[in-house]
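full-length UniProt numbering numbers the first residue of the sequence shown as 1 and each following residue consecutively.
All residues carry an ideal CB built from backbone N, CA and C; glycine is no exception.
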Amino acid sequence: MIIMQLNGISKSFGAEEILSNVKLEIKDKDRIAIVGRNGAGKSTLLKIMANELSYDEGELFKPKDLTIGYLSQHTGLESTNTIWNEMLEVFEDLLVQEKELRSLEAKMSQAASLSESEYEKVLKEYDKLQQAFEENGGYRYEADIKAVLSGLNFQDYDDQTPINELSGGQKTRLSLGKLLLTKPDLLILDEPTNHLDIETLGWLEGYLVSYPGAVTIVSHDRYFLDKTVSIVYEVSRHKTKKYHGTYSDFLNQKALNYEQELKEFEKQQTEMKKMEEFIQKNIVRASTTKRAQSRRKQLEKMDKLDKPLGDEGSAAMSFQINKRSGNDVLKINQLSFRYDEESESLFTDLKLHINRGESIALVGPNGIGKTTLLKIITGKLQATHGTIQLGTNVQIGYYDQEQANLNTSKTVLNELWDDYPHINEKDIRTVLGNFLFSGDDVLKPVHSLSGGEKARLALAKLRMQKANLLILDEPTNHLDIDSKEVLEAALIDFPGTIIFVSHDRYFINKIADQVVEMQKDGVSIYLGDYDYYMEKKQEEAELEQLNNVESTPEKATEKKLSFKEEKRLQSEQRKRERQIAKLEKMIEELEEELSTVEEEMAEPEVYEDHEKALAYTERTNELKQAIEKRMEEWTSLQEE
1 MIIMQLNGIS
11 KSFGAEEILS
21 NVKLEIKDKD
31 RIAIVGRNGA
41 GKSTLLKIMA
51 NELSYDEGEL
61 FKPKDLTIGY
71 LSQHTGLEST
81 NTIWNEMLEV
91 FEDLLVQEKE
101 LRSLEAKMSQ
111 AASLSESEYE
121 KVLKEYDKLQ
131 QAFEENGGYR
141 YEADIKAVLS
151 GLNFQDYDDQ
161 TPINELSGGQ
171 KTRLSLGKLL
181 LTKPDLLILD
191 EPTNHLDIET
201 LGWLEGYLVS
211 YPGAVTIVSH
221 DRYFLDKTVS
231 IVYEVSRHKT
241 KKYHGTYSDF
251 LNQKALNYEQ
261 ELKEFEKQQT
271 EMKKMEEFIQ
281 KNIVRASTTK
291 RAQSRRKQLE
301 KMDKLDKPLG
311 DEGSAAMSFQ
321 INKRSGNDVL
331 KINQLSFRYD
341 EESESLFTDL
351 KLHINRGESI
361 ALVGPNGIGK
371 TTLLKIITGK
381 LQATHGTIQL
391 GTNVQIGYYD
401 QEQANLNTSK
411 TVLNELWDDY
421 PHINEKDIRT
431 VLGNFLFSGD
441 DVLKPVHSLS
451 GGEKARLALA
461 KLRMQKANLL
471 ILDEPTNHLD
481 IDSKEVLEAA
491 LIDFPGTIIF
501 VSHDRYFINK
511 IADQVVEMQK
521 DGVSIYLGDY
531 DYYMEKKQEE
541 AELEQLNNVE
551 STPEKATEKK
561 LSFKEEKRLQ
571 SEQRKRERQI
581 AKLEKMIEEL
591 EEELSTVEEE
601 MAEPEVYEDH
611 EKALAYTERT
621 NELKQAIEKR
631 MEEWTSLQEE
C-alpha cells in the first residue's frame, strides 16, 4: 500500500532551483535510499516529505493518520532530563495506563468494601485496560528502551546521567534512539550513521531491516545502504530517477542504462545523418525528389533522442610522492598513553610494525584511542611510555578529521598558495580545479565552506605535500559518495604507505590490505580487508563459545534441582506452552481476517469509494500491527 506519493514537486530558494518535477512514492514496507551529490537537494527533499519545509509546485499525498518520524542531519537532544526519563517520554500514554491499572488493583484489593456489582464493574474495567495495555506493548516498553540504548552503545552509561552532560555525538545518538522507540509508520533519516562506530552501525542495520514500517534514508555510507535498502532514488540535476535493488545494484544499473542510452542515441544520430545526406543528394533531382521529400518528412517526425548526460563533474584526486621510503616505514613498541598522572591509560603495550606499500585500517570502538595514536605518530601528542621509530626517508602527510590545519581567515586560493609561494597561481588553480574549486570558488573564504568543501580543500593540501606516508583520520567524513569513490581510486594508485582510521566499511574494503583492531592492552592484526576481518571475528567468537561450553564442569551441568524448584520450572514451562498455543491460534485468526479484508479491498465498490478504501486501509494496518505484536510475544516465549 502506498503511504506517501510526491508528484511533480519543485522547490527553489530565490533564483536557485533545487528540485524540479520530482516524483517519488513510498509503500508501507519500503526501504528507500535517496542518493546524490552534496548540494543536490537530498536533505531538502526529506524536509518536504517530513512536512518541515514547503514546496513551490506539485502535490504530496499521504493518509491523514500517517505517523512520520524525522531525524535531521544535525539533530541532538537538548534536555535536562536523565537518559532513562527522556526515553520514557515516548511511552507517556502507557505510563498513564499503568498508573490506572495500579489504581484499579488497589480497589480490587479492597474487595470486602465493594458490593458485588461494583467489584464486577472494576474487574471488567481492569480486564479491558490490561488488554489494551498489553496490546500497546505495556509489558515490554522497558525492554525496548534497554535494547535501543544498548544497541546505540549506552549500555555502560548510568541511565540516570543528565543528557546535558553528554557530548554532541552522544546527544545525536540518543535523538536517534528516541525516534526509533516511537516506531512511526514512516522513518525519515538524514545521515543516521554520523557519530556511530562500526559495531553500532551493524546493530542499526539489523534494526532497520526488521523495522515494521517504511524507512527512507539519506546516507553516504555505501556499506550501510547495501545492507538496508532495496530501492534507490538518485537526485541529479534537480530531478529524481528510481532504481530497484541495493546501492551496488543501482551503480551497476545506472552504468548499464547510460551505455544503452548512449548506443541508442549514437545509432539514431547515424541514421539521421544518412537521411540528411540522401535528402541533400536527391532533393534537386526530378526523378528522386519525391523520395527525398518523403525522407525529409520522416526526419521531421522522428522522436529525437537527447544525448544521455553522464556523471556530473568529479574531483580528479591523485597523490604522488617526493621520494621513496625504506622498507621499514614505522615501528611502534610497547606504546602506552594517558592524558595525565591521575587518569587511566587509554591504551597500553601497543606493538606494530608497518612496511612500505602497506595500507593499514585502524579499527576499534569509539574512545579506544585511534585518533590519539595517529596524533602520537605525527608528533602532535607525546606517548606516556614506549617508542615510535620512523624509517629512512619517511615523510608524513596528515589528514585531520577536525581540519585544524585549515586557516579559516584565508581564501581557498591563499590557503594553498601561501604554503607554496614559488608555484605559479595558474598551477595552484589547476590543483584546486582538480578538487572541484573553479572560477570564483577559489576566492571564497575558508570559513564559508561546507563540510564537504573543507574536506576537499584539506585533501588538496595533502596532495601538495607529496608525502610517502599518509596518516588519514576519517578522510571520508563530509564527502559525498562520488568524491569518496574518486578518493578511493587515488589511494589505490598511491605508491606509498597508508595508515587510516575510518568508520566507512566500504572504504576500508577498498583500501585496506590489513585491519588492525585496537584494544586497551594491544592490537590484533588481520591480513585482509574489512569483510575478511569480520569473518575472522565471527570464527573467533564461535571458537570462544565452543571452548566455554567444553570447559564447563560436568558437575555444574548435572547439578540437580530441588523437587520444589523442578516443579516450579515445569509449571512455568507448561504455562509458556499454553501461551504459545494461544498466540498461534490468535495469529492464525488475525491472518485469516487480514486475507479476507485484502480480498475485499480489491473489489471495485471498495477501491472506487475513497472513504471505504481508507477504512479498509486502516483495518489492514491495525491487523498487521496486531500480528506483528503477537509474533514478537511468540518469539520472546520461544526464546525463553
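Same chain, Cβ closer than 6 Å to residue i, neighbours up to 5 away in sequence not counted
| i | result |
| --- | --- |
| Thr557 | Low per-residue confidence applies at Thr557: pLDDT is 45, beneath 50, and the placement is therefore not dependable, though the value from the model is reported in the following sentence. There are no such residues. |
| Gly69 | Leu179, Thr182, Pro184, Leu187 |
| Ala316 | Asn434 |
| Lys107 | Val122 |
| Lys559 | Caution applies to Lys559, whose pLDDT of 45 falls short of 50 and renders its modelled position unreliable; the model cannot decide the point. |
| Met275 | Arg295, Leu299 |
| Thr620 | Val597 |
Pair within 9 Å by beta-carbon distance, residue i and residue j
| i | j | result |
| --- | --- | --- |
| Pro495 | Tyr399 | no |
| Leu590 | Leu623 | yes |
| Lys42 | Val35 | yes |
| Leu46 | Thr216 | yes |
| Leu362 | Ile499 | yes |
| Ile26 | Ala214 | yes |
| Leu305 | Gln260 | no |
| Lys239 | Ser54 | no |
| Ser325 | Arg37 | no |
| Phe347 | Met464 | no |
| Met4 | Leu71 | no |
Contact belief for residue i with residue j at Cβ below 8 Å, rounded distance in angstroms
| i | j | result |
| --- | --- | --- |
| residue 644 | Ile388 | Outside the modelled stretch of the chain, which goes from 1 to 640, sits residue 644, for which no answer is possible. |
| Val523 | Leu352 | 6 Å |
| residue 641 | Val446 | Beyond the ends of the chain as shown, which are 1 and 640, falls residue 641; an answer cannot be given. |
| Lys466 | Gln320 | 5 Å |
| His328 | Gly391 | According to the sequence as given, residue 328 is Asp; it is not His. Rounded, the Cβ-Cβ distance is 4 Å, consistent with contact. |
| Ala541 | Asp529 | That pair is no contact at about 19 Å. |
| Thr372 | Phe337 | 6 Å |
Beta-carbon proximity list for residue i, same chain, < 8 Å, skipping 5 on both sides
| i | result |
| --- | --- |
| Arg616 | A small correction: the amino acid at residue 616 is Tyr; Arg does not occupy that position in the sequence shown. Cβ within range, chain order: Val597, Glu600, Met601, Val606. |
| Lys555 | Reliability fails at Lys555, whose pLDDT of 45 lies under 50, so the model's placement of it is uncertain and the value that follows must be treated cautiously. There are no such residues. |
| Tyr139 | Phe133 |
| residue 652 | The structure shown has nothing for residue 652, since the chain only spans 1 to 640. |
| Val96 | none |
| Ala460 | Leu416, Val431, Leu432, Asn434, Phe435, Phe437 |
| Glu125 | Leu104 |
Per-residue DSSP class, three states only, for residue i
| i | result |
| --- | --- |
| Glu633 | helix |
| Asn333 | strand |
| Lys178 | helix |
| Tyr399 | strand |
| Val523 | strand |
| Val22 | strand |
| residue 659 | Residue 659 lies beyond the range of the chain shown here (1 to 640); nothing can be said about it. |
| Lys444 | coil |
| Ala15 | coil |
| Lys555 | Caution applies to Lys555, whose pLDDT of 45 falls short of 50 and renders its modelled position unreliable; the model cannot decide the point. |
| Thr75 | coil |
| Val215 | strand |
| Tyr119 | helix |
| Ile368 | coil |
| Arg31 | strand |
| Ala292 | helix |
| Lys499 | Checking the sequence shown, residue 499 turns out to be Ile, not Lys. Correct three-state label for Ile499: strand. |
| Val284 | coil |
| Thr200 | helix |
| Asp306 | coil |
| Asn509 | helix |
| Asn164 | helix |
| Met57 | The amino acid occupying residue 57 in the given sequence is Glu; Met does not appear at that position. It is a strand residue. |
| Glu234 | strand |
| Ala626 | helix |
| Glu191 | coil |
| Val486 | helix |
Any chain D beta carbon closer than 9 Å to residue i
| i | result |
| --- | --- |
| Met302 | The structure shown contains no chain D, having only a single protein chain. |
Own chain residues within Cβ distance below 7 Å of residue i, not counting five before or after
| i | result |
| --- | --- |
| Lys380 | none |
Cβ contact (3+ pairs, closer than 8 Å) linking the stretch 7-27 and the stretch 54-73: Contact holds: three or more Cβ-Cβ distances are below 8 Å.
Stretch pair the stretch 435-455 + the stretch 302-311: three plus CB contacts closer than 8 Å: Result no; under three Cβ-Cβ pairs closer than 8 Å.
Validate contact between the stretch 206-225 and the stretch 501-518 using beta carbons, cut 8 Å, 3 pairs: Yes: at least three Cβ pairs fall under 8 Å.
Meets three-Cβ-pair contact criterion under 8 Å: the stretch 292-306 and the stretch 355-371: The stretch 292-306, when compared against the stretch 355-371, does not touch it at the 8 Å Cβ threshold.
Three CB pairs or more closer than 8 Å across the stretch 150-160 and the stretch 83-92: As far as the Cβ criterion goes, the stretch 150-160 touches the stretch 83-92, which means the pair count is three or higher.
Segment contact flag, the stretch 283-294 with the stretch 242-256, C-beta cutoff 8 Å, min 3 pairs: Segments in contact, no.
The stretch 191-205 in contact with the stretch 100-120 per 3-pair CB rule at 8 Å: Because the criterion of three Cβ pairs below 8 Å is not met, the stretch 191-205 and the stretch 100-120 do not touch.
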